[in-house]
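Read in order, the letters of the sequence shown are residues 8 to 87 in this note's numbering. Idealized CB from N, CA, C, for every residue including glycine.
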Amino acid sequence: SGEASPPGPPTTLFPLRRNELNDHLDTIDSNLDNLQTMLTTHGFSVDTSALLDIQDLLSTQEQQKPTETEATPADTGTGG
């Protein structure tokens, strides 16, 4: 009796996905290198206090957001 091997993941798809992922990571790496070069050659500087102010503003806005249940009126069950 021929015993069938248990079904496993389609191994033919993994090399393709791995190559796509590697290409994507290479692109990101290249873009980051280009960005780093651009920032260092143009003497770009960041005021960190401005970034912290933005972070504080965003976190304050996040805390003030009403939840979904508060944003929608409660169903009173009174029909028209």
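Host alpha helix (DSSP H) of S56 (start-end): T55 to Q71
As assigned by DSSP and simplified to three states, the class of S8: Reliability fails at S8, whose pLDDT of 49 lies under 50, so the model's placement of it is uncertain and no value is given.
is_contact[H31, chain C] using C-beta, thresh 8 Å: The structure shown contains no chain C; it is built from a single protein chain.
Rounded C-alpha distance that separates T48 from N41: 11 Å
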